[in-house]
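In the working numbering, the protein residues as written are 612 to 725. Note that beta-carbon positions come from the ideal geometry of N, C-alpha and C, so glycine has one too. A quick write-up on the structure given underneath.
Now the structure itself:
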């Protein structure tokens, strides 16, 4: 299709590849809105569910930990579960983006401009 154009053909090919990549990234970002991870603390007494983008979607607290004298412990467990879910979400997000870009020869920590 671009024979005889030399480097212009290569540029057109690169632009087409970039457009395809952008389409894949948008689709992946939409999919990551639906994919979830679960963070836990207190041996599973507190569980937090977050999307791959880190948005908190749910919190499950075992009723056995509700003791008025241990309010601060419960608060710490809740925060720990949320942080765990967010860390797992970030790792999952990076892993999914790495899968998408690995075939392009880009560095693993390359940040997409879109």
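The beta carbon of residue 699 lies closer than 7 Å to those of 648 and 650 in the same chain, with the five residues before and after it left out. In the DSSP annotation of this structure, the continuous segment of the beta strand (DSSP E) that includes residue 672 starts and ends at 667-672.
In this structure, DSSP gives residue 664 a state outside helix and strand, which the three-state scheme calls coil. Distances from the alpha-carbon of residue 645 to those of 625, 668 and 712 put 668 closest. The straight-line gap separating the alpha-carbon atoms of residue 681 and residue 670 is approximately 19 Å. Contact between residue 661 and residue 697 is confirmed by a C-beta separation of about 6 Å, below the 8 Å threshold.
The beta-carbon separation of residue 704 and residue 625, rounded to 26 Å, does not stay under the 8 Å limit for a contact. When the alpha-carbon of residue 692 is set against those of 657, 666, 676 and 636, the nearest one is in 657. Cβ atoms of residue 690 and residue 636 stay farther apart than 8 Å, at about 32 Å. Membership of residue 686 in the alpha helix (DSSP H) is indicated by the continuous run 682-712.
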